DNA sequence: GTCGACCGTTGCCTTTTTGGCAACGATATG
DNA sequence: CATATCGTTGCCAAAAAGGCAACGGTCGAC
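Residue numbers (my numbering), protein chains in the order written: chain A, 8 to 310; chain B, 8 to 310.
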């Protein structure tokens with residue numbers, strides 16, 4: 008493989024050897040061939056690259072400059088070919104995932120860990136954000152794979168898998184509501200509510216339910232980070248509105264309890280795996296999408 | 008002029024246009040030629056650079072990588088050609104001068120100023136040091152031109168011009184010795200002496216004279232910078248041993264007076280212009296050497 | 001001094017690479 | 001269904017690169 012002009016490679020070897028014939032020998036070509044490449048270079052550049060000594064060639068100032076540049080290019084080339092070598096077989100060197108925060112806590116790390124054993128050379132770029140931003144990134148190609156909540160229909164995006172996530176409330180085990188099997192919106196009236204920022208469940212039915220309900224919640228805090236919401240709830244400051252997936256780890260550790268929200272106006276939120284409609288996924292990304300699909304299906308009965 | 012493989016140039020244009028035929032049109036070649044270069048690239052790299060859509064080509068992840076690298080290389084190429092263009096006609100973009108400190112005060116700045124009007128694009132690299140270091144730099148090619156004191160004979164160095172610089176003492180105008188027309192070593196016995204560090208006049212006859220003289224000087228300070236020596240003398244702290252060239256500016260301003268040193272053992276120091284023996288000077292450097300020669304001859308009768 | 005070794009360079013020829021032209025199959029648009 | 005546009009391929013001409021042998025020059029050894 009050879010990305011630079013052969014003349015440049017010849018030049019580098021001549022500069023290294025200080026002699027046309029020695030360079031030609033190492034390059035396994037005739038000295039005349041090397042010579043002509045050098046002469047052609049000098050002619051086209053309009054600058055002598057060597058000064059001719061009786062015992063060989065020595066770099067001119069212009070030649071020094073040229074040599075430094077060529078060496079740089081050769082380093083670049085080596086690194087590029089190395090990376091391309093990694094891509095060969097996997098289709099890409101990096102899979103860029105745009106996702107909601109919920110998955111970055113437990114599901115994704117586990118999955119990426121397994122994936123990394125199969126494709127050790129593939130790196131990841133994780134970006135967490137809200138639905139709007141995720142879809143934008145997938146559409147523009149900034150991300151290969153997107154996972155978002157309640158995406159509006161678009162033809163630029165291909166929706167691959169979808170799972171229903173039940174809304175509910177999470178609270179410290181000592182909280183009065185912790186004993187109920189399920190809670191209604193009205194049960195929460197008497198306790199401070201910890202709510203995600205408006206953008207975080209835009210499009211969900213919970214948004215509308217809260218807006219139209221006659222139940223007046225007493226919001227203690229709004230947060231733009233799930234982590235913060237959970238910490239407040241764990242400290243017993245109130246009931247947190249989120250879905251089961253967000254608190255999977257805390258449930259396992261017994262730090263929080265989760266109770267589904269029972270309300271006729273609140274459907275489950277839809278967690279959706281997607282990619283760009285008109286772009287075909289690199290091989291490794293397609294494999295990862297398969298694993299992600301399976302993982303999402305395992306979260307709840309798919310529809 | 009074209010330093011990168013034509014295939015890379017084609018690739019860049021195809022990536023830019025998203026279509027073989029459009030790219031071919033802008034490149035003024037047949038679409039088949041462009042196509043073959045792309046196919047050859049992909050074949051040799053073992054990685055698809057584009058995904059084929061019904062309406063054209065779209066970059067694959069590998070292609071994105073490749074494109075970024077090629078763009079970088081094209082920027083490098085433009086800058087390199089620009090610099091080489093500057094070199095064309097002058098022989099170099101930068102003249103590296105290794106010199107004694109004395110010349111950097113007045114002679115060199117003036118000369119380089121004039122030179123810069125003739126060759127506005129040629130830059131300078133000035134390095135001041137002692138004889139030993141200057142010769143080393145010239146010999147190894149780190150400097151194009153050297154100006155040093157009393158160089159020992161070497162065949163690696165070509166000595167171009169040489170001028171005798173009279174040793175003497177400099178002092179404040181109010182100093183008792185300032186009225187003498189010339190001074191002897193013994194006249195200085197009664198005043199603090201400000202001397203350069205040992206290395207600064209190594210090889211000169213003054214060095215030997217001081218060592219063998221029965222006159223015991225009372226050194227006030229040794230300095231490794233001419234500037235410091237002159238400042239001390241200007242402040243009236245003693246008599247400074249140096250040559251006329253070092254104090255040209257102060258003489259003109261009346262801040263110091265200079266009296267030649269009269270001593271049978273002390274010859275004039277030789278200020279020598281030199282370059283590497285086996286290296287030929289770039290055109291601009293040769294021109295500068297001519298000016299320097301003339302300037303040195305003007306300093307004193309040459310020998 | 002001559003001789004031999006080594007240097008870059010050039011002319012002539014073959015080999016390899018690249019480009020042009022026309023045609024093919026596939027796909028989206030009217 | 002016709003049409004336009006796309007990438008692709010076979011065949012041939014043009015251009016570039018390489019190999020070989022020889023020339024003129026300089027340096028070092030004998």
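Idealized CB from N, CA, C, for every residue including glycine.
A quick note: this is a predicted structure, and the numbers were derived from the prediction, not measured.
Among all the DSSP beta bridges, which residues are the ones paired with residue i?
i	result
residue 282(B)	152(B), 165(B)
residue 134(B)	105(B)
residue 178(A)	264(A)
residue 203(A)	230(A)
residue 147(B)	According to DSSP, which records beta bridges pairwise, residue 147(B) is partnered with nothing at all.
residue 190(B)	268(B)
residue 65(A)	58(A)
residue 250(A)	174(A)
residue 225(B)	199(B)
residue 11(B)	11(A)
Based on Cα-Cα distance, which residue from the options lies nearest to residue i?
i	options	result
residue 42(B)	52(B), 64(B), 54(B), 53(B)	64(B)
residue 195(A)	211(A), 181(A), 223(A)	223(A)
residue 168(A)	62(A), 21(A), 32(A), 282(A)	282(A)
residue 286(B)	59(A), 236(A), 299(A)	59(A)
residue 79(B)	102(B), 19(B), 288(B)	19(B)
residue 193(B)	268(B), 232(B), 240(B)	268(B)
residue 198(B)	227(B), 38(B), 209(B)	227(B)
residue 265(A)	219(A), 231(A), 175(A)	175(A)
residue 221(A)	210(A), 191(A), 208(A)	191(A)
residue 48(B)	66(B), 15(B), 82(B)	15(B)
residue 53(B)	94(A), 173(A), 234(A)	94(A)
residue 109(A)	252(A), 208(A), 17(A)	252(A)
residue 66(B)	31(B), 32(B), 26(B)	26(B)
Answer with buried or exposed for residue i, where buried requires no fewer than 16 other C-beta atoms within 10 angstroms of its C-beta.
i	result
residue 188(B)	exposed
residue 183(B)	exposed
residue 309(A)	Low per-residue confidence applies at residue 309(A): pLDDT is 43, beneath 50, and the placement is therefore not dependable, though the value from the model is reported in the following sentence. Classification for residue 309(A): exposed.
residue 301(A)	exposed
residue 76(A)	buried
residue 51(A)	exposed
residue 103(A)	buried
residue 243(B)	exposed
residue 128(A)	exposed
residue 8(A)	exposed
residue 40(A)	exposed
residue 91(A)	buried
residue 289(B)	buried
residue 68(A)	buried
residue 257(A)	buried
residue 284(A)	exposed
Measure the alpha-carbon distance for residue i versus residue j and round it to whole angstroms.
i	j	result
residue 34(A)	residue 45(A)	14 Å
residue 177(B)	residue 99(B)	40 Å
residue 135(A)	residue 154(A)	9 Å
residue 122(B)	residue 295(B)	7 Å
residue 149(A)	residue 305(A)	28 Å
residue 70(A)	residue 181(B)	57 Å
residue 279(B)	residue 137(B)	13 Å
residue 96(B)	residue 225(B)	55 Å
residue 262(A)	residue 86(A)	48 Å
residue 55(A)	residue 22(A)	13 Å
residue 276(B)	residue 112(B)	18 Å
residue 61(B)	residue 88(B)	39 Å
residue 146(A)	residue 105(A)	11 Å
residue 158(A)	residue 152(A)	14 Å
residue 259(B)	residue 11(A)	59 Å
residue 254(A)	residue 116(A)	15 Å
residue 131(B)	residue 101(B)	5 Å
residue 298(A)	residue 118(A)	7 Å
residue 234(B)	residue 72(A)	36 Å
residue 126(B)	residue 292(B)	11 Å
residue 37(A)	residue 57(A)	19 Å
contact_flag[the region 215-223 of chain A, the region 255-274 of chain A] where n(CB pairs < 8 Å) is 3 or more: Segments in contact, yes.
Given 8 Å as the limit, is there contact between the region 233-252 of chain A and the region 196-213 of chain A, that is, 3 or more CB pairs closer than that? The region 233-252 of chain A is in contact with the region 196-213 of chain A.
Contact between the region 128-148 of chain A and the region 157-168 of chain A (3+ Cβ pairs under 8 Å): Taking 8 Å as the limit for Cβ pairs, the verdict is that the region 157-168 of chain A does touch the region 128-148 of chain A.
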